[in-house]
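Q:
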Amino acid sequence: MDLTAQQLLRDIELLSRAFLESESDTPILPRISPEQLREEIEFSIPERGGDHDEVMRRLVDIFDRTPRTATNRFFNQLFGGRDPSATVAEVLSALANNSMYTFKAAGPHILIERELIRHMGEMMGFANADGVFAPGGSLSNLTAALVARDHALEGAGERGLEGSTLAMYTSEESHYSIPKAAAIIGIGRNNVRYIPADELGRMRPDALAEAIEQDLSDGIIPAMVNATAGTTVPGAFDPIREIADVTRPHGVWLHVDGAYGGSIVLSENHRQLLDGSELADSIAWDAHKMMGVPLTCSVVLFRERGRAAASLSEHAEYLFQQDDDDLNPGTRSMQCGRRNDAIKLWAAWQRNGDEGYAARIDHLFDLTAHARAIVENDERLELSCEPMSVNVCFEVRDKPSDLICHRLDESGRLKVGYGVVKGRRVIRIVFVNADLTTADVDQAFEAILETAEEMPKTNNAVEVASRCAVC
Ligand SMILES: Cc1ncc(COP(=O)(O)O)c(C=O)c1O
-10 MDLTAQQLLR DIELLSRAFL ESESDTPILP RISPEQLREE IEFSIPERGG
40 DHDEVMRRLV DIFDRTPRTA TNRFFNQLFG GRDPSATVAE VLSALANNSM
90 YTFKAAGPHI LIERELIRHM GEMMGFANAD GVFAPGGSLS NLTAALVARD
140 HALEGAGERG LEGSTLAMYT SEESHYSIPK AAAIIGIGRN NVRYIPADEL
190 GRMRPDALAE AIEQDLSDGI IPAMVNATAG TTVPGAFDPI REIADVTRPH
240 GVWLHVDGAY GGSIVLSENH RQLLDGSELA DSIAWDAHKM MGVPLTCSVV
290 LFRERGRAAA SLSEHAEYLF QQDDDDLNPG TRSMQCGRRN DAIKLWAAWQ
340 RNGDEGYAAR IDHLFDLTAH ARAIVENDER LELSCEPMSV NVCFEVRDKP
390 SDLICHRLDE SGRLKVGYGV VKGRRVIRIV FVNADLTTAD VDQAFEAILE
440 TAEEMPKTNN AVEVASRCAV C
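Quick note on numbering: the sequence shown equals residues -10 to 460 in our numbering.
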């Protein structure tokens, strides 16, 4: 091993140790303002390069001030924790630095990606799944939307929309990546129909049927229905089977946005939430959310092989020089150079196995039940909607949900966020980190309640522009 490699090893070990020790001493940091950060750290790019050891010291300074997301105080977004096998694989993939477009450039990692797609597809009920890893659920949804567009309007990839109007359908509770995809692929945000949701936050199939019928009679082509499996705020699951009953007679592409809740299929006890997934044409599934794998790790699955390649394959003699297209996933990806997101998931799955992952999901539901019981048994708290999965939305009665979250962040007690449910601003606490215990949940609620006491009285009712076209 040459000197550079030895130095690399020494620095990875030293800096990782410094970060992990700092994280363990301070599992959450008080908010550091951008102004304070600019004062404490020199961010500018120098004209002349400097000393490597000095760069290492500055990296320590930066990571000392970096929000902790793997600890028991982080409930803010839909990811958390740290799978050890996945983390080592992630570091190694940076060292190996392969690009996942061809077998020639990535070797065994291509076979690993294929095996994950096969296994994940099978879990969703796809006997012969196709797919590709994409950098996040938004990009997985976008890939599916593009393929759906080309299914609805043959030749759109070559000739554009040629004056046709296409529409996409998604629930009013769905993620913003859906209208963004509509904007990117030329369908347009105004042609996204927001279908009303029921009490639990699930898309109403009767309203969907009405919206599709209306568009058909107006000469508009229904391109894709997006059923969300795990909505971002209430954590609701749209009824996929009933939605398929609406889409199939019209031949409309059915996509399932399981970026958040797709992982629930891992648990025998809870997978009925995704009942009907085998009827979907495509499914997005983020492993970086409930599966504890470092960001980003997302896959878009297709029920039929060849669909993604039909939309995304380009001729490039300088790149695709050998091996079957099946071994060259660059032929079905939006990207050219692509980082290796498969190896970390494969490593985590080797350690957990299907059984370990099932137990992980069950544990997340147990934590959710514990949190729900806390809310229901404390008269200062009020449940905002019935939790269908691992999100608990609630208010501290008469106290401002947003200010409570901001104060908790400033003081460095807890990172938790808020959203809107049924016209009210509510605190959303999520259970995606399986290292958490019920004691961590108790501690989180203690912090929320103590902070709420310092807050003025308020009404959390909000005026929000409804996304829903029908309600
Ligand atoms: C339902 C849903 N879809 C898509 C996404 C986007 O996923 P990503 O952040 O991986 O792009 C999210 C993110 O939270 C989500 O909740």
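Yeah, the Cβ is synthetic: ideal placement off N, Cα and C, and Gly gets one too.
1) Rounded to the nearest angstrom, how far is the Cβ of Ala200 from that of Tyr165, given a contact under 8 Å?
2) Three-state secondary structure (DSSP) at Asn180?
3) Specify the secondary structure class of Tyr346 as computed by DSSP and reduced to three states.
4) Here's a check: name, in chain order, each residue in its chain whose Cβ is nearer than 8 Å to the Cβ of Ser48, leaving out the five neighbours to either side.
5) Between Ala458 and Pro185, what straight-line distance do the alpha-carbon atoms span, to the nearest angstrom?
6) Can you tell me whether DSSP reads Asn341 as helix, strand or coil?
7) Does ligand 1 have even one heavy atom less than 8 Å from the beta-carbon of Leu84?
8) Around the Cβ of Asp314, are there at least 16 other Cβ atoms within 10 angstroms (buried) or fewer (exposed)?
9) Return helix, strand or coil for Ile437, following the three-state DSSP convention.
10) Applying the criterion that 16 or more other CB atoms from any shown protein chain within 10 Å of the CB defines a buried residue, is Ala494 buried or exposed?
11) Whole angstroms is fine: what's the gap from Thr285's alpha carbon to Ala123's?
12) Please name the residue, chosen from Arg20, Gln66, Asp387, His108, that lies closest to Glu368 on a Cα-to-Cα basis.
13) Would you say Arg296 faces chain C, with C-beta separation under 9 Å as the test?
14) Taking 8 Å as the cut-off, is the beta-carbon of Ala273 closer than that to any non-hydrogen atom of ligand 1?
15) Could you check which residue in Ala273, Ala(-6), Phe63 has the C-alpha nearest to that of Thr220?
16) Looking at Asn422 and ligand 1, is the gap between the Cβ and the nearest heavy atom below 8 Å?
17) Would you tell me roughly how many angstroms separate the C-alpha atoms of Val235 and Ala225, rounded to the nearest one?
18) Suppose you measure from the CA of Leu105 to the CA of Ala347; what does that come to, to the nearest Å?
19) Cβ of Asp312 within 9 Å of Cβ of Phe92?
20) Within the present structure, is the beta-carbon of Gly219 separated from the nearest heavy atom of ligand 1 by less than 8 Å?
21) Is Arg417 closer than 9 Å to Val405 when the C-beta atoms are compared?
22) Have a look at Pro318 and Val410 and give me their C-alpha separation to the nearest angstrom.
23) Taking DSSP's pairing of strands, which residues face Pro211 in a bridge?
24) Would you decide whether Glu2 is buried or exposed? Buried here means 16 or more other CB atoms lie within 10 Å of its CB.
25) Going by DSSP, what residue range makes up the alpha helix (DSSP H) through Ile416?
26) So what's Lys446 in DSSP terms, helix, strand or just coil?
27) Run through the region 198 to 243 for me and flag every whole alpha helix (DSSP H) of 4 or more residues, listed as ranges in chain order.
28) Pick helix, strand or coil for Ser163, following the three-state DSSP scheme.
29) Starting from the C-beta of Pro168, find all residues in its chain whose C-beta is less than 6 Å away, skip the five residues before and the five after it, and write them out in chain order.
30) Given Leu425, which residues of its chain have a CB within under 7 Å of its CB, disregarding the five upstream and five downstream residues?
31) Can Ala75 and Ala337 be called in contact, C-beta distance under 9 Å?
32) So the beta strand (DSSP E) Gly250 belongs to, where does it begin and stop?
33) Give me the Cα-Cα distance between Thr462 and Arg6, rounded to the nearest whole angstrom.
34) Compute the distance between the beta-carbons of Pro194 and Ile232, then report whether it is under 9 Å.
35) Could you pull the start and end residues of the alpha helix (DSSP H) that Cys394 belongs to?
36) Is any non-hydrogen atom of ligand 1 found closer than 8 Å to the C-beta of His164, if you look at the structure I gave you?
A: Let me spell this out:
1) For the purposes of this step, residue 200 is taken as the residue at position 211 of the sequence shown. For the purposes of this step, residue 165 is taken as the residue at position 176 of the sequence shown. In fact, because the Cβ distance is near 19 Å, the residues do not count as touching under 8 Å.
2) What you label residue 180 is simply residue 191 of the sequence shown in a count that begins at 1. Here Asn180 carries a helix assignment [DSSP, helix/strand/coil].
3) Translated into the one-based positions of the sequence shown, residue 346 becomes position 357. Helix.
4) Here residue 48 is taken as the residue at index 59 of the sequence shown, counted from 1. Rather than Ser, the amino acid found at residue 48 in this sequence is Leu. Here the set comprises Leu4.
5) For the purposes of this step, residue 458 is identified with residue 469 of the sequence shown, where counting begins at 1. For the purposes of this step, residue 185 is identified with residue 196 of the sequence shown, where counting begins at 1. Legend: pLDDT at Ala458 = 42, less than 50; position of this residue unreliable, no value from coordinates given.
6) Position 352 of the sequence shown, counting from 1, holds the residue named residue 341. The answer is helix: DSSP assigns Asn341 an H, G or I state.
7) To locate residue 84, count along the sequence shown from 1; it is residue 95. Because no heavy atom of ligand 1 lies under 8 Å away, the Cβ of Leu84 does not count as near it: no.
8) Here the question's residue 314 lines up with position 325 in the sequence shown. Counting Cβ neighbours within 10 Å, Asp314 comes out exposed, since fewer than 16 surround it.
9) The residue you call residue 437 lines up with position 448 of the sequence shown. Three-state DSSP puts Ile437 in a helix.
10) The structure shown does not extend to residue 494, since the chain is modelled only from -10 to 460, so the question has no answer here.
11) Start at 1 with the first residue of the sequence shown, and residue 285 comes out as number 296. Start at 1 with the first residue of the sequence shown, and residue 123 comes out as number 134. In this structure, the CA atom of Thr285 is about 8 Å from the CA atom of Ala123.
12) Numbered from its first residue, the sequence shown carries residue 368 at position 379. Taking only the C-alpha atoms, the option nearest Glu368 is Asp387.
13) Among the chains of the structure shown, chain C does not appear; only one protein chain is present.
14) By one-based count along the sequence shown, residue 273 stands at place 284. The answer is yes for Ala273.
15) Position 231 of the sequence shown, counting from 1, holds the residue named residue 220. If we check each option's Cα against that of Thr220, Ala273 comes out closest.
16) Residue mapping note: residue 422 aligns to position 433 of the sequence shown, counting from 1. No, the Cβ of Asn422 stays beyond 8 Å of every heavy atom of ligand 1.
17) Along the sequence shown, one-based indexing puts residue 235 at 246. Along the sequence shown, one-based indexing puts residue 225 at 236. Approximately 19 Å, taken between the alpha carbons.
18) Position 116 of the sequence shown, counted from the start, is the residue given in the question as residue 105. Position 358 of the sequence shown, counted from the start, is the residue given in the question as residue 347. In this structure, the straight-line span from the alpha carbon of Leu105 to that of Ala347 is close to 16 Å.
19) As a first step, residue 312 is located in the sequence shown; it is residue number 323 there, counting from the start. As a first step, residue 92 is located in the sequence shown; it is residue number 103 there, counting from the start. Yes.
20) As a first step, residue 219 is located in the sequence shown; it is residue number 230 there, counting from the start. Yes.
21) Your numbering for residue 405 matches position 416 in the sequence shown. Your numbering for residue 417 matches position 428 in the sequence shown. Yes, Cβ-Cβ distance for Val405 and Arg417 is below 9 Å.
22) Start at 1 with the first residue of the sequence shown, and residue 318 comes out as number 329. Start at 1 with the first residue of the sequence shown, and residue 410 comes out as number 421. Taking the straight line joining both Cα atoms gives about 40 Å.
23) Locating residue 211 in the sequence shown gives position 222, where the first residue counts as 1. BP columns for Pro211 point to Ala156.
24) For the purposes of this step, residue 2 is taken as the residue at position 13 of the sequence shown. Glu2 should be labelled exposed.
25) Position 427 of the sequence shown, counting from 1, holds the residue named residue 416. Unbroken run through Ile416 is the beta strand (DSSP E), 413 to 419; no alpha helix (DSSP H).
26) Stepping through the sequence shown from its first residue, residue 446 is reached at position 457. In the structure shown, the three-state DSSP call for Lys446 is coil.
27) 229 to 236
28) As a working note, residue 163 is residue 174 in the sequence shown. Three-state result, Ser163: coil.
29) Sequence index remark: in the sequence shown, residue 168 carries index 179 (1-based). Here the set comprises Arg178, Val181.
30) Against the sequence shown, residue 425 aligns to sequence position 436. Here the set comprises Asn61, Leu356.
31) One-based indexing of the sequence shown puts residue 75 at position 86. One-based indexing of the sequence shown puts residue 337 at position 348. Inclusion of Ala75 and Ala337 in the CB contact set at 9 Å is warranted, their separation being smaller than that value.
32) For the purposes of this step, residue 250 is taken as the residue at position 261 of the sequence shown. Annotation: Gly250 is outside any beta strand (DSSP E) and is labelled neither H nor E by DSSP.
33) No information on residue 462 is available, as it lies outside the stretch -10 to 460 that the chain covers here.
34) Counted from its first residue, the sequence shown places residue 194 at position 205. Counted from its first residue, the sequence shown places residue 232 at position 243. A contact, by the Cβ cut-off of 9 Å.
35) For the purposes of this step, residue 394 is taken as residue 405 along the sequence shown, with counting starting at 1. Start and end: 390 to 400.
36) Translated into the one-based positions of the sequence shown, residue 164 becomes position 175. It does: the Cβ of His164 is within 8 Å (strictly closer) of some heavy atom of ligand 1.
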